[in-house]
Amino acid sequence: MTEPIVLAFRTVRSSSGATVTVASTATFLALIAFTTPLATLPATSAALGSGPEGQAWILSSMSIGLGVALLSTGAVADDLGRRRALVLGSLVLAVSSVVCALSPTTAVLVAGRIAAGVGGAALIAAGLGLIGHAFPAGTPEARRASGIWGAALGAGIAVGPLLATGAERFAGWAASYWLEAVLAVALALAARFLLEESRAEHPRSVDVPGVVLLAAGVGVLLTGLVEARSGPTRPLVIVLVLGGLLLLGLWLLVERRSSAPMIDVGLFRSPPFLAATLAALATGAGIIATSSFLLTVMSRGLGAPAVIGAVVLLAWSATGVVTSLLARRLPVSWSGRLQLAVGLVVVAVGQLMLLGATPESSPWRYVPGLFVAGITSGVVNSALGREAVASVPAGRAAMGSGANNMARYVGSAIGTTVVAVVATRPGLPPGPVGLLQGFDTAVIVATVFSLLGAIAVFACRPRRRAVIQAPTRSGAEAPEQADSKDGQGSARRDPGPPQAAVP
Numbered sequence: 117m118t119e120p121i122v123l124a125f126r127t128v129r130s131s132s133g134a135t136v137t138v139a140s141t142a143t144f145l146a147l148i149a150f151t152t153p154l155a156t157l158p159a160t161s162a163a164l165g166s167g168p169e170g171q172a173w174i175l176s177s178m179s180i181g182l183g184v185a186l187l188s189t190g191a192v193a194d195d196l197g198r199r200r201a202l203v204l205g206s207l208v209l210a211v212s213s214v215v216c217a218l219s220p221t222t223a224v225l226v227a228g229r230i231a232a233g234v235g236g237a238a239l240i241a242a243g244l245g246l247i248g249h250a251f252p253a254g255t256p257e258a259r260r261a262s263g264i265w266g267a268a269l270g271a272g273i274a275v276g277p278l279l280a281t282g283a284e285r286f287a288g289w290a291a292s293y294w295l296e297a298v299l300a301v302a303l304a305l306a307a308r309f310l311l312e313e314s315r316a317e318h319p320r321s322v323d324v325p326g327v328v329l330l331a332a333g334v335g336v337l338l339t340g341l342v343e344a345r346s347g348p349t350r351p352l353v354i355v356l357v358l359g360g361l362l363l364l365g366l367w368l369l370v371e372r373r374s375s376a377p378m379i380d381v382g383l384f385r386s387p388p389f390l391a392a393t394l395a396a397l398a399t400g401a402g403i404i405a406t407s408s409f410l411l412t413v414m415s416r417g418l419g420a421p422a423v424i425g426a427v428v429l430l431a432w433s434a435t436g437v438v439t440s441l442l443a444r445r446l447p448v449s450w451s452g453r454l455q456l457a458v459g460l461v462v463v464a465v466g467q468l469m470l471l472g473a474t475p476e477s478s479p480w481r482y483v484p485g486l487f488v489a490g491i492t493s494g495v496v497n498s499a500l501g502r503e504a505v506a507s508v509p510a511g512r513a514a515m516g517s518g519a520n521n522m523a524r525y526v527g528s529a530i531g532t533t534v535v536a537v538v539a540t541r542p543g544l545p546p547g548p549v550g551l552l553q554g555f556d557t558a559v560i561v562a563t564v565f566s567l568l569g570a571i572a573v574f575a576c577r578p579r580r581r582a583v584i585q586a587p588t589r590s591g592a593e594a595p596e597q598a599d600s601k602d603g604q605g606s607a608r609r610d611p612g613p614p615q616a617a618v619p
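In the numbering used here, the protein residues as written are 117 to 619.
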């Protein structure tokens, strides 16, 4: 009698659709957690007595956890199991959300948010790694799956502030964290029972020195960037930023000499990998930084309620969800590099349309610019998800996802710091007038980040394939390609074992 039920369960578990659903839901939940403080910061800071510096840490703390752990969790997931990493990441997010909900002080909340970033990093990296394993690069199924994943990314950004605002109004600022904890436990159960385990065909030992140095370097650097919002020229800021860069330089040196590095440093000489990484960095420093500070501008500069600000932001995030899903219909001849570069240019146009608000302006004036930016933000998100997997060796999909998303959130931390410092710099008129004037200058700076990213991506032209003359059986010379290319145009000297669909 139970045989049909068991058979149905096995069918669902082996379905590639379950992989896309669970992996995309994981990214969706991670972005909901990431955006929670954007809408609840006034109530949270009032309840915990957080000053301006504490508020900056509340907003940035999850970025630190994400930046520290994305590449590391991606590399570990490939070697120890992507499903295992996703389940563990869900549980870390659940526990850290409970800590946030029960926080008696700002410091405890910040610690919980950093831990939530580590859990979210595992969700994002392992989730996209599972998709990369289930759908070989270059196939129509891979384009569709990456579009769904990109839509989930945008949906998390869209739903997060609205969900947090609604939960706060009915049950207080901590309610959203309790909800995130429940959703994270449900995700862990779904991943455990609906997904098959997958890992690299040739797993390697964990690169412990690389993990430690990368975490220390990114953590110290991002801490310096957060502290820079209270004064970028303070000695502490300079020491932290330089110390972080020094540790990252040491990490690169260790990775070059390691027999089993978490990431092959030579990938940074690969045009497809470099293009995807720079595009992710520019996305974080450009439109994500702009939209993150825009909620503050609408609240303090235009007097808009938090719920109105969250709805206005839907013009960017919800539009991105739709275009992510439609991106798979773009002509196959439009390479990922072209989609990323043109997408960033259109995003820059949308950013410039945000200029010129006055204290008498309605928050709805930002809708056209956000809509224009959202049109290609979805295309960029979809292309980034696809290129992050296609530009790395077979079997290292989670590592590729981790590297790409780490660039996105490090860029976000850099961009948000620059936007905040420029928008609130000394010498501006007091009150809303000064904030809006400062934001206009900050938007121009963030737009430059987007345009520089587009130029850099355009410059990452694929290398021309070398032709080697190899003798044929008859003694004649015949051309032989030195490098193979996958369906996304990413060159690999050794493509490794083929990626099979999850059974």
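All C-beta atoms in this analysis are idealised placements derived from N, C-alpha and C, irrespective of residue type, glycine included.
From a predicted model like this one, the values you see are computed outputs, not experimental measurements.
The three-state reading of DSSP puts Asp194 in helix, counting H, G and I together. For Ala420, the three-state secondary structure derived from DSSP is coil.
Sixteen is the threshold: since fewer than 16 other Cβ atoms of the shown chains lie within 10 Å of the Cβ of Gly547, the residue is exposed. According to the DSSP assignment, Phe409 belongs to the alpha helix (DSSP H) that extends over 405–412. Around the CB of Pro479, 16 or more other CB atoms lie within 10 Å, so the residue is classed as buried.
Residue range 387–399 is occupied by the alpha helix (DSSP H) that includes Pro387. With a threshold of 16 other beta carbon atoms within 10 Å, Phe286 falls short and is exposed. Closest option to Gly527, judged by alpha-carbon separation, among Gly167, Thr406, Leu356: Thr406.
The beta carbon of Pro153 sits closer than 6 Å to the beta carbons of Ile174, Leu175 from its chain, once the five residues preceding and following it are set aside; these are given in chain order. For Trp294, the uninterrupted alpha helix (DSSP H) run begins and ends at 291–310, by DSSP.
Relative to the Cα of Ala134, the nearest Cα in the group Phe251, Val342, Pro421, Glu371 belongs to Phe251. About 5 Å separates the CB atoms of Arg444 and Arg260; that is less than 8 Å, so the two are in contact.
Using a Cβ distance threshold of 8 Å, Gly340 and Gly531 do not count as a contacting pair. The segment 428–501 contains, as complete alpha helix (DSSP H) runs of 4+ residues, the segments 452–468 (chain order).
Taking C-alpha positions only, Ser374 is separated from Val192 by approximately 16 Å. By the C-beta density criterion, Trp450 is exposed, having fewer than 16 other C-beta atoms within 10 angstroms. Counting along the chain, Gly359 sits inside the alpha helix (DSSP H) bounded by residues 351–373. Going by DSSP, Gly167 is part of no alpha helix (DSSP H) at all; its letter is neither H nor E. Taking all protein chains shown into account, Leu186 has 16 or more neighbouring C-beta atoms within 10 Å of its C-beta and is therefore buried. Counting of Cβ neighbours within 10 angstroms places Ala223 among the exposed residues, the total staying below 16. Taking all protein chains shown into account, Glu296 has 16 or more neighbouring C-beta atoms within 10 Å of its C-beta and is therefore buried.
The continuous alpha helix (DSSP H) containing Gly228 extends over residues 222–250.
Annotation: the continuous alpha helix (DSSP H) that includes Leu278 extends over 256–287. The segment 159–172 makes no contact with the segment 495–502, as fewer than three CB pairs between them are under 8 Å.
By the Cβ test, the segment 514–521 is not in contact with the segment 465–475, since fewer than three Cβ pairs between them sit closer than 8 Å. Under the three-state reduction of DSSP output, Ser219 falls in the coil class, being neither helix nor strand.
Ranking Leu366, Pro509, Ser213, Val458 by CA distance to the CA of Ala575 puts Val458 first. Its chain contains Val483, Leu486, Phe487, Gly490 as the residues whose beta carbon lies nearer than 7 Å to that of Ala431, once the 5 sequence neighbours on both sides are disregarded; these appear in chain order. In the DSSP annotation of this structure, Ala344 is not part of any alpha helix (DSSP H), being labelled neither H nor E. In the three-state reduction of the DSSP assignment, Leu207 falls in the helix class. Contact annotation: the segment 304–315 touches the segment 199–217, with at least three C-beta pairs closer than 8 Å.
The shortest CA-to-CA distance from Leu145 to any of Pro277, Leu418, Thr156 is the one to Pro277. Nearest to Thr393 by C-alpha distance, out of Pro421, Val138, Ala504, Thr349, is Ala504. For Ser161, the three-state secondary structure derived from DSSP is helix.
Assigned with DSSP and collapsed to three states, Leu186 falls in helix. Contact between the segment 352–363 and the segment 329–343 is present, with at least three C-beta pairs closer than 8 Å.
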